[in-house]
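Residue numbers (the UniProt record's numbering): 1 to 231.
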C-alpha cells in the first residue's frame, strides 16, 4: 500500500524542524535547498514544498518566491487561533480556560513577586494600569483595556517566557471572556469596585515580594471571574 503524500509531507516537515534544531539555525537563517531536502528524505520536490507550506502556516518558516525558506519565530497567534476554534466548537470547556488562567497567571504573579523580592523589577507599570482603572466614568471597553494592561504588566514583570507566551496566546479569547465577565459582575451587582479591590490585593502582594500571597490573590480574583461567567 502506498504512503499518502500528506503523510510524506508531514514526515518531511518533522525532519526539517529536527534539522533546524540540530544545526542550531536561528530566526532569519535559510534552511536547506528544496533539492537537497528532496534527496535527504527520498521524496520529490512537490512533497518538500508541501512540507514547507505546512511549516509556513505554523509560522516556523517564512517563504518568498525564488528564495530559500528561512527560519521564523512562531507567534502566540497560531496557538490562539487553535484555542479559539476549539472553544468555539465546544471541544474545550470555558471552565478549563479559567482553570488554565489560574495556573498560568498564579505562577506569573508568584514570579513577579520573586523579582520584586530580589530587586530585579518594579511595579510601576502595574500601578499605572490600576490608577487608570480607578478613573471615574470609564466605558466598559476602557476598563477592560486597563484590566488587560494590568495582567500583561504582571507577565512582563515576571519575565517568564513560556508562561507569558501561553498567556499571550489566550488573549483573543480572554478579551471575549473579559467582556462577559464585566457584564456578569454588573449583573450580580458586584461592580467594578470589587474588581479594583481584587487587583489591589494582587498588586500589594507582588509589591511586598510575597509569592504565596500573590498566587492566592490572583487565584481568588480569577475564581471570581469564573463566577461572573456563571461557571
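Yeah, the Cβ is synthetic: ideal placement off N, Cα and C, and Gly gets one too. All of these numbers come straight from a predicted model, not from anything done at the bench.
C-beta atoms of residue i and residue j nearer than 8 angstroms
i           : j           : result
residue 35  : residue 26  : no
residue 68  : residue 31  : yes
residue 230 : residue 184 : yes
residue 173 : residue 108 : no
residue 75  : residue 61  : no
residue 144 : residue 188 : no
residue 78  : residue 163 : no
residue 196 : residue 221 : no
residue 181 : residue 228 : yes
residue 70  : residue 24  : no
Counted within 10 angstroms of its Cβ, other Cβ atoms place residue i as buried (16 or more) or exposed
i           : result
residue 14  : exposed
residue 214 : buried
residue 22  : exposed
residue 139 : exposed
residue 226 : buried
residue 8   : buried
residue 211 : buried
residue 101 : buried
residue 142 : exposed
residue 116 : buried
residue 33  : exposed
residue 153 : buried
residue 135 : exposed
residue 2   : Legend: pLDDT at residue 2 = 44, less than 50; position of this residue unreliable, value from coordinates given subsequently. Exposed: under 16 other Cβ atoms inside 10 Å.
residue 198 : buried
residue 106 : buried
Segment limits, alpha helix (DSSP H) that includes residue i
i           : result
residue 112 : 94-117
residue 214 : 211-228
residue 191 : 191-207
residue 138 : Premise fails: residue 138 is in no alpha helix (DSSP H) and is neither H nor E.
residue 183 : 161-187
residue 78  : 76-88
| For the stretch 112-130 against the stretch 144-161, are there 3 or more C-beta pairs whose distance is under 8 angstroms? | yes
| said: Measuring CB atoms only, is the stretch 205-218 touching the stretch 166-175, in the sense that at least three cross pairs come out at less than 8 angstroms? | reply: no
| query | Should the stretch 14-24 be regarded as contacting the stretch 47-60, the criterion being three or more beta carbon pairs within less than 8 angstroms? | reply | yes
| Those runs of the alpha helix (DSSP H) which lie wholly inside the UniProt domain "HTH gntR-type" (6-74) and span at least 4 residues | 34-41 and 45-57
| field | Sufficient close CB pairs (3 or more, under 8 angstroms) joining the stretch 115-131 to the stretch 92-101 | value | no
| query | For the 8 angstroms Cβ check, are there 3 or more pairs between the stretch 126-133 and the stretch 142-158? | reply | yes
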